[in-house]
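Novice:
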Amino acid sequence: MRQMGASLSSDWDMKERMSVLRQASPVAAPDDMELIVKLRQGDEQAFASLIDCYHSSLVRLALAHVSDRSVAEEVVQESWIGVLEGLDRFEGRSSLKTWIFRIVTNKAKTRGVRESRHTTFSDLQGDTELDEPSVDPALFRTSGHWADYWAEYPQPWDEETPEKCLLTKEGTAYLEQAIQALPSKLKQIIILRDVEGLGSKEVCIMLAVSEANQRVLLHRARARVRQALEHYVQGGTRPA
Amino acid sequence: MTREDIKIYVLDYLAGRMRCKEFVEIVTDYLEGSMPLGKTIRFHLHLGLCFGCRVYLKQIKRTIHTLGRLPQEPAPSDVREELIKRFRAWKT
Chain A
1 MRQMGASLSS
11 DWDMKERMSV
21 LRQASPVAAP
31 DDMELIVKLR
41 QGDEQAFASL
51 IDCYHSSLVR
61 LALAHVSDRS
71 VAEEVVQESW
81 IGVLEGLDRF
91 EGRSSLKTWI
101 FRIVTNKAKT
111 RGVRESRHTT
121 FSDLQGDTEL
131 DEPSVDPALF
141 RTSGHWADYW
151 AEYPQPWDEE
161 TPEKCLLTKE
171 GTAYLEQAIQ
181 ALPSKLKQII
191 ILRDVEGLGS
201 KEVCIMLAVS
211 EANQRVLLHR
221 ARARVRQALE
231 HYVQGGTRPA
Chain B
241 MTREDIKIYV
251 LDYLAGRMRC
261 KEFVEIVTDY
271 LEGSMPLGKT
281 IRFHLHLGLC
291 FGCRVYLKQI
301 KRTIHTLGRL
311 PQEPAPSDVR
321 EELIKRFRAW
331 KT
């Protein structure tokens, strides 16, 4: 039994799994520390490169907590100041990227809570659906020996299509839209995990969710984005 | 019943009759490496006999891959300048 398990998860499987688990490095890389030193010395070029590297990602992340784009921009700009103020305290126990994303998450969270008192935008959206299946039950057979098996197989995608979607402005906008259409909690998790490639433990701490819950929410989010991509592959121009 | 049908029946029972409906819900558990051995084996047996689930798993992987390659948009130039101005003020 043991041997079987070992051989099953070796070779192709393990390699693939590792490539999917694109974990961001848990501690500051040497490059990070170099950059930090430059920033502390007031190197403008270094700061500009940091902005170019992360600004739009951070706005996307902030939009998972607040509903308005201008508010998200504001949160991120405030966070950049927070980054500057915190530079002297940065010890390199996490990567610089994780640290910056954590600052934005905290600021956006606070702002989101304040905002939700005035609007209907709610953090709970993602949690209310924890028990629902992630795939439409209508896609499975309902009776007989093959009940709960596919009624019709999902249509395979051609080799390059969803990745090709990123080559055009429309395609990129489509995918961004599919992400933004997710409930808040799902959006937060899929952005940090799959778009930014942060590790599961870091994200658990950042968002104060258990690993088990994170997996459920992440899976739900992936299933929805997969569905949106399927729609795109089949020729749709806007997420259903 | 053809030979192929019988083979599928037998494998299906060996896989503890894992249904596609169950399979599609545990794909992320599998990818995160958080599944117990027994379930992993059932997962693989089902994967081996079910074309639909092979397609589904592959598509979830490609979804993750595509998400990880979303291109960066440059920061709006006024925001960029404003931040750099603040940086200048901060370092002095």
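In order, the protein sequence lines correspond to chains A and B. Heads up, the first sequence is in the working numbering, so the first residue is 1 and it goes up one at a time. Heads up, the second sequence is in the working numbering, so the first residue is 241 and it goes up one at a time. Every residue gets a Cβ at the ideal spot worked out from N, C-alpha and C, and that includes glycine.
#1: Leaving out the 5 sequence neighbours to the left and right, which residues in its chain are closer than 6 Å to tyrosine 270 of chain B when beta-carbon positions are compared?
#2: If you drop the 5 nearest sequence neighbours on each side, which residues of the same chain put their C-beta closer than 8 Å to that of leucine 87 of chain A?
#3: Glutamate 202 of chain A lies in the alpha helix (DSSP H); which residues open and close that run?
#4: From which residue to which residue does the alpha helix (DSSP H) around isoleucine 179 of chain A run?
#5: For the structure I just gave you, are there three or more beta carbon pairs, one from the region 314-332 of chain B and one from the region 204-213 of chain A, closer than 8 Å?
#6: At the 9 Å Cβ level, is threonine 172 of chain A part of the contact set with chain B, yes or no?
#7: Note down, in chain order, all residues in the region 132-161 of chain A with a beta-carbon under 7 Å from any beta-carbon belonging to chain B.
#8: Just grab the DSSP bridge partners of phenylalanine 140 of chain A for me.
#9: Output the distance between the C-alpha atoms of aspartate 198 of chain A and alanine 151 of chain A, rounded to the nearest integer angstrom.
#10: Can you tell which of A:Gln155, A:Ser116, A:Ile189 and A:Pro137 has the C-alpha that lies nearest to the C-alpha of alanine 147 of chain A?
#11: Report yes or no: is there a C-beta of chain B within less than 9 Å of the C-beta of tryptophan 99 of chain A?
#12: At a cut of 8 Å, does the region 296-314 of chain B reach the region 215-225 of chain A through at least three beta carbon pairs?
#13: Is the beta carbon of arginine 326 of chain B closer than 9 Å to that of isoleucine 81 of chain A?
#14: Cβ atoms of glutamate 202 of chain A and threonine 98 of chain A: under 9 Å apart, would you say?
#15: In chain A, which residues lie with their C-beta within 7 Å of the C-beta of serine 274 of chain B?
#16: Measure the C-alpha to C-alpha separation of serine 19 of chain A and glutamine 299 of chain B and round it to an integer number of angstroms.
#17: Alanine 48 of chain A touches chain B at which residues, Cβ-Cβ below 8 Å?
#18: Which first and last residues belong to the alpha helix (DSSP H) in which serine 57 of chain A is found?
Specialist: Put simply:
#1: Phe283
#2: Ile36, Leu39 and Arg40
#3: That run of the alpha helix (DSSP H) goes 200-207.
#4: 169-180
#5: no
#6: Cβ-Cβ to chain B under 9 Å: yes for threonine 172 of chain A.
#7: Pro133, Ser134, Val135, Phe140, Asp148, Tyr149, Trp150, Tyr153, Pro154, Pro156 and Trp157
#8: A:Trp150
#9: For clarity, residue 198 of chain A is leucine in the given sequence; the question names aspartate instead. Their Cα atoms are separated by approximately 36 Å.
#10: Ranking the options by Cα distance to alanine 147 of chain A, first place goes to A:Pro137.
#11: no
#12: yes
#13: The criterion of a C-beta distance shorter than 9 Å is satisfied by isoleucine 81 of chain A and arginine 326 of chain B.
#14: yes
#15: Those are Arg215, listed as they occur along chain A.
#16: Residue placement at serine 19 of chain A cannot be trusted, given a pLDDT of 46 that sits under 50; the coordinates are not used to answer.
#17: For alanine 48 of chain A, the C-beta contacts it makes with chain B under 8 Å involve Arg320 and Ile324, in order along the chain.
#18: For serine 57 of chain A, the uninterrupted alpha helix (DSSP H) run begins and ends at 44-62, by DSSP.
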